[in-house]
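J.: For my numbering, count along the sequence shown from 1 and bump the result up by 5.
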Amino acid sequence: MELLLHVLEHSFFDTLALVPFLFLTYLAMEAIEHSASAHVQAAVERSGKAGPVVGALLGALPQCGFSAMAATLYAGRVVTAGTLVAVILSTSDEMVPVFLAHQEPVARMLAIMAAKVAVGVVVGLLVDVALRVWHRAGDGRLHIHELCEREHCHCDDDGATHGHGHDHAHGRSAIVRSALVHTAQVTFFIFVVTFVFGLLIEYVGQDALGALLANHPVRATFLAALIGLIPNCGASVAITELYLDGVLAAGPMLAGLLASGGVGLLVLWRTNASAGQNAIITAFVYGVAVAVGLFAGALGILF
6 MELLLHVLEH SFFDTLALVP FLFLTYLAME AIEHSASAHV QAAVERSGKA
56 GPVVGALLGA LPQCGFSAMA ATLYAGRVVT AGTLVAVILS TSDEMVPVFL
106 AHQEPVARML AIMAAKVAVG VVVGLLVDVA LRVWHRAGDG RLHIHELCER
156 EHCHCDDDGA THGHGHDHAH GRSAIVRSAL VHTAQVTFFI FVVTFVFGLL
206 IEYVGQDALG ALLANHPVRA TFLAALIGLI PNCGASVAIT ELYLDGVLAA
256 GPMLAGLLAS GGVGLLVLWR TNASAGQNAI ITAFVYGVAV AVGLFAGALG
306 ILF
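Given below as structure tokens:
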């Protein structure tokens with residue numbers, strides 16, 4: 006019991022120290038998303054064959070809902086499969102707030118983000134080229150009407166206009182409230198991860214835990230990418246925390262964060278009618294994340 010209370014106390018105070026940094030980060034992120042989300046969506050819709058490039062660059066922006074937006078746009082065939090994959094691979098999810106909260110060097114964080122964007126651009130463009138060569142790029146029509154019928158979202162109503170006015174009415178209070186909610190959620194996940202792994206280190210020993218993950222990068226890469234697929238911010242929080250604590254090497258960390266596209270895949274399964282397509286895209290993202298992680302580990306890449 007004394008050990009449990011000791012780990013609990015350390016986890017609580019270690020996490021508490023991060024809260025102000027998390028809140029300020031999310032406040033800035035929410036302000037960006039609140040004012041620029043419509044422009045981001047418009048930019049992706051107009052991007053055409055350059056969709057994967059635009060999607061990967063915009064997906065790296067520190068905001069919360071773009072992977073979900075990309076999945077919905079793909080379900081309506083507004084964007085290509087390559088664009089969707091590029092967005093998911095480049096999306097940073099909760100990596101940025103955790104890095105900033107720990108006051109890690111910004112250059113280190115930007116290097117990881119740049120690697121994710123590069124992978125997203127290359128893989129997304131290759132996907133679109135391959136689908137065009139194999140004549141699997143779709144029928145060239147938008148499917149927004151079918152999407153609206155499945156979701157019963159009444160897209161033809163004037164609800165969007167009212168929603169826009171509603172956003173303006175709430176203004177800054179909505180941004181602050183959303184930032185507080187995100188801060189609370191991520192703080193909880195950081196606390197849980199810190200507590201659980203604090204217990205593991207105490208019971209198992211740091212050397213044994215390092216032998217399980219850091220000293221077995223192949224196993225750790227497959228496992229980290231699998232964790233990254235979990236459609237929850239806790240996945241990227243756990244991966245980033247383990248990397249910053251030195252438990253995960255750069256390759257497994259990169260694999261986990263490449264697969265960690267926020268709720269994008271979850272929204273894809275909810276909005277896209279073809280379960281087969283959803284399964285292929287999910288498996289493909291996992292495969293790319295593992296392959297890149299193993300490649301980075303083999304080259305001994307460090308961030």
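Beta carbons: idealized from backbone N, C-alpha and C, even for Gly.
Computed from a predicted structure; not experimentally measured.
For residue 72, collect the residues of the same chain with a Cβ closer than 6 Å to its Cβ; drop the 5 residues on either side in sequence, then sort them by chain order.
T.: Start at 1 with the first residue of the sequence shown, and residue 72 comes out as number 67. These residues qualify, in order along the chain: 92, 93, 96, 266, 267 and 269.
J.: Considering Cα atoms alone, identify which of 124, 201, 112 and 118 is closest to residue 11.
T.: Residue 11 sits at position 6 when you count from the first residue of the sequence shown. The shortest Cα separation from residue 11 among 124, 201, 112 and 118 belongs to 201.
J.: Once DSSP output is grouped into helix, strand and coil, what is the label at residue 4?
T.: An answer regarding residue 4 cannot be provided, because it is not within the stretch 6 to 308 covered by the chain.
J.: Nearest to residue 271 by alpha carbon, out of 302, 299, 238 and 255?
T.: Within the sequence shown, residue 271 is the residue found at index 266, counting from 1. It is 238.
J.: Which class does residue 99 belong to by DSSP, given the choice of helix, strand or coil?
T.: Here the question's residue 99 lines up with position 94 in the sequence shown. Three-state DSSP puts residue 99 in coil, outside helix and strand.
J.: For residue 196 versus residue 85, is the C-beta distance shorter than 7 Å?
T.: As a first step, residue 196 is located in the sequence shown; it is residue number 191 there, counting from the start. As a first step, residue 85 is located in the sequence shown; it is residue number 80 there, counting from the start. No, Cβ-Cβ distance for residue 196 and residue 85 is not below 7 Å.
J.: Which same chain residues, not among the five before or five after residue 15, have their C-beta less than 7 Å away from its C-beta?
T.: On the sequence shown, position 10 is the one that residue 15 refers to. Contacts found: 203.
J.: Between residue 23 and residue 240, what straight-line distance do the alpha-carbon atoms span, to the nearest angstrom?
T.: As a working note, residue 23 is residue 18 in the sequence shown. As a working note, residue 240 is residue 235 in the sequence shown. Rounded to the nearest angstrom, the two C-alpha atoms are 18 Å apart.
J.: Can you find the residues in the same chain that come closer than 6 Å, C-beta to C-beta, to residue 79, ignoring five residues on each side of it along the sequence?
T.: Along the sequence shown, read from residue 1 onward, the residue named residue 79 stands at position 74. Hits under 6 Å: 89.
J.: Answer yes or no: do residue 254 and residue 294 have a C-beta to C-beta separation smaller than 7 Å?
T.: Here residue 254 refers to the residue found at position 249 when the sequence shown is read from its first residue. Here residue 294 refers to the residue found at position 289 when the sequence shown is read from its first residue. No, they are not a contact pair.
J.: Whole-angstrom Cβ separation of residue 122 and residue 65, contact assumed at under 8 Å?
T.: Locating residue 122 in the sequence shown gives position 117, counting from the first residue. Locating residue 65 in the sequence shown gives position 60, counting from the first residue. Contact flag correct, Cβ pair sits at about 5 Å.
J.: With distances taken Cα to Cα, identify the nearest neighbour of residue 107 among 248, 307, 274 and 306.
T.: As a working mapping, residue 107 is identified with position 102 in the sequence shown. With distances taken between Cα atoms, residue 107 lies closest to 248.
J.: Leaving out five residues on either side along the sequence, give the residues of the same chain with a beta carbon under 6 Å from the beta carbon of residue 99.
T.: In the sequence shown, counting from the first residue as 1, residue 99 sits at position 94. Cβ within range, chain order: 191, 238, 241 and 242.
J.: Straight-line CA distance for residue 232 to residue 55?
T.: What you label residue 232 is simply residue 227 of the sequence shown in a count that begins at 1. What you label residue 55 is simply residue 50 of the sequence shown in a count that begins at 1. About 30 Å.
J.: Go ahead and pull the three-state DSSP assignment for residue 300.
T.: The residue labelled residue 300 in the question sits at position 295 within the sequence shown. Three-state DSSP puts residue 300 in a helix.
J.: What are the boundary residues of the alpha helix (DSSP H) that includes residue 224?
T.: The count along the sequence shown starts at 1 and reaches residue 224 at position 219. Counting along the chain, the alpha helix (DSSP H) containing residue 224 begins and ends at 222 to 233.
J.: By a C-beta neighbour count over all protein chains shown, 10 Å radius and 16 as the cutoff for buried, is residue 183 buried or exposed?
T.: Along the sequence shown, one-based indexing puts residue 183 at 178. That one is buried.
J.: With H, G and I counted as helix, E and B as strand and the rest as coil, what does DSSP make of residue 104?
T.: For the purposes of this step, residue 104 is taken as the residue at position 99 of the sequence shown. Of the three classes helix, strand and coil, the one that applies to residue 104 here is helix, per DSSP.
J.: Between 290, 181, 301 and 13, which has its C-alpha nearest residue 28's C-alpha?
T.: Here residue 28 is taken as the residue at index 23 of the sequence shown, counted from 1. Ranking 290, 181, 301 and 13 by Cα distance to residue 28 puts 181 first.
J.: With burial defined as no fewer than 16 other Cβ atoms inside 10 Å of the residue's Cβ, what is the status of residue 118: buried or exposed?
T.: Numbered from its first residue, the sequence shown carries residue 118 at position 113. When all chains shown are included, residue 118 counts as buried.
J.: For the candidate residues 263, 199, 283 and 308, whose alpha-carbon lies nearest to that of residue 13?
T.: Position 8 of the sequence shown, counted from the first residue, corresponds to residue 13. Ranking 263, 199, 283 and 308 by Cα distance to residue 13 puts 199 first.
J.: Taking the straight line between their C-alpha atoms, what separation do you get for residue 157 and residue 276?
T.: The residue labelled residue 157 in the question sits at position 152 within the sequence shown. The residue labelled residue 276 in the question sits at position 271 within the sequence shown. Unreliable positioning characterises residue 157 in this predicted model, as indicated by a pLDDT of 49, which lies under 50. A coordinate reading is not provided.
J.: Can you give the beta carbon distance from residue 258 to residue 244, rounded, assuming they're within the 8 Å contact cut?
T.: Walking along the sequence shown from the start, residue 258 turns up at place 253. Walking along the sequence shown from the start, residue 244 turns up at place 239. Their Cβ separation, rounded to whole angstroms, is 6 Å, which keeps residue 258 and residue 244 in contact under 8 Å.
J.: Tell me where the alpha helix (DSSP H) around residue 131 begins and ends.
T.: Locating residue 131 in the sequence shown gives position 126, where the first residue counts as 1. Taken as a continuous stretch (DSSP letters only), the alpha helix (DSSP H) holding residue 131 covers 111 to 138.
J.: Buried or exposed, going by whether 16 or more other CB atoms sit within 10 Å of the CB of residue 102?
T.: Mapped onto the sequence shown, residue 102 falls at position 97. Buried, because 16 or more other Cβ atoms sit within 10 Å of the Cβ of residue 102.
J.: Terminal residues of the continuous alpha helix (DSSP H) containing residue 18?
T.: Within the sequence shown, the letter at position 13 stands for residue 18. Per DSSP, residue 18 belongs to the alpha helix (DSSP H) from 7 to 21.
J.: Taking the alpha-carbon of residue 262 as reference, which of 226, 286 and 60 has the nearest alpha-carbon?
T.: In the sequence shown, counting from the first residue as 1, residue 262 sits at position 257. Of the candidates 226, 286 and 60, the one whose C-alpha sits nearest the C-alpha of residue 262 is 226.
J.: Compare the beta carbon distance of residue 105 and residue 30 with 7 Å and say whether it is the shorter of the two.
T.: On the sequence shown, position 100 is the one that residue 105 refers to. On the sequence shown, position 25 is the one that residue 30 refers to. It is a contact, given that the beta carbons lie within the stated cut-off.
J.: Output yes or no for whether 7 Å exceeds the beta carbon distance between residue 8 and residue 207.
T.: Position 3 of the sequence shown, counted from the first residue, corresponds to residue 8. Position 202 of the sequence shown, counted from the first residue, corresponds to residue 207. Taking 7 Å as the Cβ cut-off, residue 8 and residue 207 qualify as a contacting pair.
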